[in-house]
Amino acid sequence: KAMLWGDVIHTGVFFETKTRLTLGEQEPVLDEGGPLAFRELGLSSEQTERIIARMM
36 KAMLWGDVIH TGVFFETKTR LTLGEQEPVL DEGGPLAFRE LGLSSEQTER IIARMM
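According to the numbering used here, numbering within the sequence shown proceeds without interruption in unit steps and concludes at 91.
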């Protein structure tokens with residue numbers, strides 16, 4: 036597999052379509068409030084502790 040590309044590995048857009056909406060266009064909530072990873076969950080500390088305890 037290492038020799039498959041030769042000296043150049045092509046990067047960039049391999050496929051593009053204008054007929055489908057982007058994820059941001061399909062889910063407007065993604066446009067507001069920044070990345071989902073940094074948003075408040077809306078859970079109390081008790082709820083958070085129970086979830087973590089179940090996962091351990």
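C-beta atoms are modelled at their ideal positions from N, C-alpha and C, and glycine is treated no differently.
Taking only three categories from DSSP, how would you classify residue i?
i      : result
Ser-79 : coil
Met-90 : helix
Arg-74 : coil
Check the C-beta distance from residue i over to residue j and give it rounded, since I have them as a contact under 8 Å.
i      : j      : result
Gly-77 : Asp-66 : Actually they are not in contact, since the Cβ atoms of Gly-77 and Asp-66 sit about 19 Å apart, beyond 8 Å.
Short of 7 Å in beta carbon distance, which residues of its chain neighbour residue i, apart from the five on each side in sequence? Order them along the chain.
i      : result
Arg-45 : Reading the sequence as shown, one finds His at residue 45 and not Arg. There are no such residues.
Any alpha helix (DSSP H) of 4 or more consecutive residues that is wholly inside the region 37-66: Counting only runs of 4 or more residues that sit fully inside the region 37-66, the alpha helix (DSSP H) segments are 58-61, in chain order.
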